[in-house]
Amino acid sequence: MNTSGASSLSDTKIFTIASTTVNLVLSLPINSYTVWLIATGAGGTLEAELLPLNLAVFEILFCLLSSFRFLTMIFTSVDFLSLFAKAFLWSGRPVLQCCICVEQFLAVVHPVLFLRYKPLRYKMTLSVLTWTVIIGLSLFYTLLSGINFLVYVGECVVLMLVMLFCYFSVLVALKRPGPGQGAKGRRNNVKGRAFLTILVITVSFLGTYFFWCVVILSSLSSWSSHYRKVLTRISTTVTFACGFIQPLLQLRKAGKLSCLKGN
Numbered sequence: 000m001n002t003s004g005a006s007s008l009s010d011t012k013i014f015t016i017a018s019t020t021v022n023l024v025l026s027l028p029i030n031s032y033t034v035w036l037i038a039t040g041a042g043g044t045l046e047a048e049l050l051p052l053n054l055a056v057f058e059i060l061f062c063l064l065s066s067f068r069f070l071t072m073i074f075t076s077v078d079f080l081s082l083f084a085k086a087f088l089w090s091g092r093p094v095l096q097c098c099i100c101v102e103q104f105l106a107v108v109h110p111v112l113f114l115r116y117k118p119l120r121y122k123m124t125l126s127v128l129t130w131t132v133i134i135g136l137s138l139f140y141t142l143l144s145g146i147n148f149l150v151y152v153g154e155c156v157v158l159m160l161v162m163l164f165c166y167f168s169v170l171v172a173l174k175r176p177g178p179g180q181g182a183k184g185r186r187n188n189v190k191g192r193a194f195l196t197i198l199v200i201t202v203s204f205l206g207t208y209f210f211w212c213v214v215i216l217s218s219l220s221s222w223s224s225h226y227r228k229v230l231t232r233i234s235t236t237v238t239f240a241c242g243f244i245q246p247l248l249q250l251r252k253a254g255k256l257s258c259l260k261g262n
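Going by numbering that gives the first Met the number 0, the sequence shown opens with residue 0, and the numbers climb by one from there.
Have a look at this one:
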């Protein structure tokens, strides 16, 4: 019985070390390169790409925070930081993804309002507010672990509804003929890029947080620990993989992916 428990614990440690290491080795360079592209103007103007820049910075911070998962295997005193890193991912990525979808929605459906708040000072204010919300939610999920499951599911549902609203609104706008024929092609390109961005982010969100919601709900049910462990590993793998989606979109937009050149 003890041998089985030790083997199970060893398997968990091996998976944690392997998944975190792969994420650090792959995600950290590609997100750092994305930050460099945006900061130097190669990936677009700063005011136009500020939210993707924030998401890339977030992914870098998460990669660094996830290293505390190694330390928890040795020092239990850093367990709080490991929990905070997990909560940071839970709250940060979906909030920033939702903000990007809303921005694309405004650019297509309400262009006048979008241009009014396009200056950098407004987006910097939005960034500060967004990071305040992310840190607040992260602390909430870390400190109040006993009641945060249903709150987290509720957060995911709300953000999912907002993303789906943006998706279908842009889809309708994409099929609607524009008022002017001269700029129709350019306008349709803007709509098409916005639609693709929202579609990819929404699918990424659904794929990632659907599994985590199932994991959370399974922990409240009578599912066996084996199935919960399998679900957790699947969720972790999908979560790490989805961290590459936004950087790949930025690289495609900057023309750095020869196989996926942007229009």
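Glycine residues also receive a C-beta, built at the ideal position from the N, C-alpha and C atoms.
Excluding its 5 nearest sequence neighbours in each direction, L136 has C-beta neighbours in its own chain below 6 Å: S90, listed in chain order. For C98, the closest alpha carbon among the candidates K122, P118, L64 is that of K122. For Q103, same chain residues with a beta-carbon under 6 Å away, outside a window of 5 residues either side, are A193, T196, I197 in chain order. Within the same chain, V199, I200, S203 come within 8 Å of I244 by CB-CB distance, once the 5 residues on both sides are set aside. Around the beta carbon of Y226, fewer than 16 other beta carbons lie within 10 angstroms, which makes this residue exposed. When rounded, the separation of the alpha-carbon atoms in L88 and L205 is 15 Å. Between the stretch 17–26 and the stretch 232–250, the count of C-beta pairs closer than 8 Å reaches three or more; the two stretches touch. Separation of the CB atoms of A172 and V108 is rounded to 5 Å, and the pair is thereby assigned contact status at 8 Å.
Taking all protein chains shown into account, V34 has 16 or more neighbouring C-beta atoms within 10 Å of its C-beta and is therefore buried.
Boundaries of the alpha helix (DSSP H) harbouring A55: 49–65, taken from the DSSP string. DSSP places H225 within a helical segment (H, G or I) once states are collapsed to three.
The C-beta distance from L95 to L63 rounds to 17 Å, too long to fall under 8 Å, and the pair is not in contact.
Taken through DSSP and simplified to helix, strand or coil, T44 comes out as coil. Taking 8 Å as the upper bound for CB-CB distance, T141 and L82 are in contact here, some 5 Å apart.
Taking all protein chains shown into account, T124 has fewer than 16 neighbouring C-beta atoms within 10 Å of its C-beta and is therefore exposed.
If you draw a straight line from the Cα of A253 to the Cα of F57, it comes to about 20 Å. Assigned with DSSP and collapsed to three states, F243 falls in coil, not helix or strand.
Secondary structure of Y140 (DSSP, three-state): helix.
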